[in-house]
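Quick note on numbering: this note's numbering labels position 374 of the sequence shown as 374, and the sequence is numbered without any gaps.
Please read the structure below before turning to the comments.
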Amino acid sequence: DIVQVKGHHYAIIDEVDSILIDEARVPLIISGPSQMDTSIYYKADQAVRRLKAGEDYTVDEKNRTVQLKEEGIKKLEEFLGIENLYDIKYIDLLHAIYQSLKAHELFKRDVHYIVKDGEVLIVDEFTGRVLPGRRWSDGLHQAIEVKEGVPIQQENQTLASITFQNYFRLYQKLAGMTGTAETEALEFKEIYGLDVVVVPTHKPMRRKDLPDMVFKTKKEKWEEVVKQIEKEHSRGRPILVGTISIEDSEHLSKLLKERGIPHNVLNAKHHEKEAEIIAQAGRLGAVTISTNMAGRGTDILLGGNPEYLAKEILRKKGKIPEEATQEEWKSALQEAYRITEEEKKKVIELGGLLVIGTERHESRRIDNQLRGRAGRQGDPGESRFILSLEDDLLRLFGGDKVKKMMELLKIPEGEPIESRMVTKAIENAQKRIEAQNFQIRKRLLEYDNVVNVQRQTVYGLRRDILEGKDLEEYLEEFVKDVLNQKVTQLLPEEDPELWELKPLEDYLNELTGRKIDIPKVRDKEELVEKLSAEILSILEEKKKVWGDTLFREIFKVIALSNLDQLWRE
């Protein structure tokens with residue numbers, strides 16, 4: 001019961017790219033309460049609010065870092081009433097200031113997190129879902145809580161940590177499946193030693209992927225998105241619109257409400273209706289706005305899901321679906337199948353599901369996941385990305401080339417540039433980011449590999465103690481190690497004539513609770529051997545008094561407690 005895992009033999013991972021690549025930089029952490037004073041974050045937040053970006057500090061959005069400038073340091077020292085912010089005694093305060101700067105400049109509400117019931121909840125950038133129970137470490141979460149004015153929760157101390165990369169590399173055999181692994185084949189091979197095999201589709205692919213449309217401003221982009229939705233919705237075609245943040249999904253929802261277009265919104269704030277919204281997203285005239293939640297692993301059935309529709313039919317008749325008789329359920333299901341089949345035929349005639357992406361993600365795989373919602377199981381479908389030069393990806397990583405192209409071709413305001421060349425330029429920007437992120441993950445693994453050797457040694461020792469293996473040998477080893485350290489520390493001189501024995505005697509008396517006579521010897525090695533034998537004989541006496549079982553349990557508790565404490569530090 002104490003040791004949960006009895007070995008790492010074989011692991012099969014679903015959506016393997018999500019776990020081994022997207023989540024690779026997220027460490028698995030076992031944490032415990034920390035003693036750090038949280039009031040330091042309030043002080044840091046007050047100080048940071050007095051600074052100005054550009055003037056007092058710089059923000060690097062590409063690498064997601066902030067850096068204080070000389071002017072900013074002077075302002076902070078003046079406000080906090082200290083001489084040197086970089087003095088070692090202010091190290092915790094300086095750390096809190098940097099975390100507060102990150103919280104204000106790099107982490108946005110309704111993009112990176114939401115605030116619900118007085119709590120800051122992380123939103124997964126890859127799936128768009130809330131990550132309950134997960135918190136940013138190193139005081140970042142506390143800095144965001146102070147920024148948002150919600151109760152600050154105690155910071156946790158890391159007791160043990162391992163990256164996903166090194167955890168899954170513990171398995172003797174590893175395999176996985178996903179619809180989007182081909183672009184990361186190199187990383188799977190280099191980091192995990194896994195080959196990527198592309199399985200051909202069961203039915204021919206009928207989806208059309210149209211070239212990207214790129215506008216100069218976000219305003220023009222959103223106008224085009226609404227125009228396309230309005231046009232296709234009037235024909236009755238089902239539309240799925242992918243946004244990269246809650247903020248964007250709510251902005252588009254507001255624009256559609258103004259035009260009177262009925263729609264559903266699926267994001268981390270409305271996740272409880274997810275199954276219902278997805279079930280009906282393929283029906284005639286359905287418009288669904290979603291963050292990345294509707295990307296990975298969701299099947300949108302053209303014409304809708306008959307089982308969900310049957311429940312809706314029963315509710316309209318005033319019946320509770322779960323309490324319906326077998327006959328009532330059968331009748332509702334038959335009607336639902338008839339409706340969905342009729343709608344499916346009409347939707348196929350209209351060209352199937354239309355997927356509109358409103359921003360490119362850093363990873364091509366996430367874009368491919370969104371595109372892949374259309375044209376499932378041999379159905380027809382269409383996908384298109386409508387972008388702007390003000391989108392984060394283009395603004396930070398590749399907009400200059402596209403901008404020059406637009407100027408060269410003299411593209412007027414409100415007109416998009418639409419060509420395979422633009423799509424290629426955007427994909428090249430994504431490739432650069434993917435390569436950069438791969439290097440970050442690789443460096444993280446190299447760093448974690450250093451700790452990994454120590455981790456395996458410590459956890460191997462811990463497991464041996466827990467399982468009661470060779471406890472006598474460990475006990476003898478521990479006693480000798482401790483005495484060796486103490487003798488070296490308390491008797492620094494090599495010549496026995498110069499030894500001052502009283503500190504060593506005092507230590508041994510305190511350790512054993514009895515008077516220990518220091519034997520006359522000529523070197524430290526012999527002294528350690530003789531003292532070890534003396535201590536071990538005292539422990540043997542204790543063992544006889546307490547009994548073997550109790551003695552072993554006490555040794556386990558003391559050994560594990562000290563081992564964990566030292567590993568934490």
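Every residue gets a Cβ at the ideal spot worked out from N, C-alpha and C, and that includes glycine.
Please read all numbers here as calculations on a predicted model, not as lab measurements.
In the DSSP annotation of this structure, the continuous segment of the beta strand (DSSP E) that includes residue 388 starts and ends at 380-388. Taking the Cα positions, residue 507 is about 12 Å away from residue 517. If the five residues before and after residue 233 are omitted, its C-beta is found closer than 7 Å to the C-beta atoms of 239, 261, 285 and 287, all from its own chain and listed in chain order. Taking every protein chain shown into account, the CB of residue 217 has fewer than 16 other CB atoms within 10 angstroms, so this residue is exposed.
Counted as a single uninterrupted DSSP element, the stretch harbouring residue 208 is not any alpha helix (DSSP H) but the beta strand (DSSP E) occupying residues 206-209. Rounded to whole angstroms, the separation of the alpha carbons of residue 483 and residue 530 is 10 Å.
The C-beta distance from residue 333 to residue 164 rounds to 42 Å, too long to meet the 8 Å contact threshold.
Three or more beta-carbon pairs drawn from the segment 11-18 and the segment 168-182 are found closer than 8 Å, and the two stretches are therefore classed as touching. The beta carbon of residue 348 sits closer than 8 Å to those of 302, 379 and 380, all from its chain and outside the five residues before and after it, given in chain order.
When secondary structure is reduced to three states using DSSP, residue 264 falls in the strand class.
In the three-state reduction of the DSSP assignment, residue 287 falls in the strand class, which pools E and B. In the three-state scheme derived from DSSP, where H, G and I count as helix and E and B as strand, residue 51 is classed as coil. Pairing residue 111 with residue 245 gives a Cβ-Cβ distance under 8 Å. Within a 10 Å sphere around the beta-carbon of residue 432 sit fewer than 16 other beta-carbons, which makes this residue exposed. The C-beta separation of residue 465 from residue 542 comes to about 18 Å, leaving the pair out of contact by the 8 Å criterion.
In terms of CA proximity to residue 206, 352 leads the group 195, 313, 418 and 352. Distance from residue 242 to residue 355 at the Cβ level is roughly 7 Å; contact confirmed, criterion being Cβ atoms closer than 8 Å.
In the DSSP assignment, residue 391 falls outside any beta strand (DSSP E), carrying neither H nor E. Relative to the Cα of residue 269, the nearest Cα in the group 443, 118, 114 and 444 belongs to 114. Taking C-beta separations shorter than 7 Å and ignoring five residues to either side along the sequence, the partners of residue 277 in its chain run 264, 266 and 288, following chain order.
Per DSSP, the continuous beta strand (DSSP E) segment holding residue 215 begins and ends at 213-215.
A distance below 8 Å between beta-carbons, with the five flanking residues on each side excluded, links residue 99 to the following residues of its chain, in chain order: 41, 44, 138, 139, 140, 142 and 143. Here residue 430 is buried. Its C-beta has 16 or more other C-beta atoms within 10 Å.
Beta-bridge partners of residue 119 (DSSP): 116. In this structure, the straight-line span from the alpha carbon of residue 490 to that of residue 496 is close to 12 Å.
Around the CB of residue 117, fewer than 16 other CB atoms lie within 10 Å, so the residue is classed as exposed.
Note on geometry: alpha-carbon atoms of residue 235 and residue 421 lie some 31 Å from one another. The DSSP-derived three-state label of residue 447 is helix.
Taking one beta carbon from each stretch, the segment 196-211 and the segment 176-186 have 3 or more pairs nearer than 8 Å; the two touch. Contact check for residue 72 against residue 87 fails: the beta carbons are separated by 8 Å or more. From the listed residues 373, 257, 470 and 435, the smallest Cα separation to residue 208 is found for 373.
Sequence-distant Cβ neighbours of residue 95 in its own chain, meaning closer than 8 Å and more than five residues away, are 138 and 139. Just measuring C-alpha positions, the residue of 535, 213, 434 and 292 sitting nearest residue 384 is 213.
Taken through DSSP and simplified to helix, strand or coil, residue 514 comes out as coil.
The criterion of a C-beta distance shorter than 8 Å is not satisfied by residue 560 and residue 475. For secondary structure counted as the beta strand (DSSP E) over 3 or more consecutive residues, the segment 134-192 holds these complete runs in sequence order: 156-163 and 173-177.
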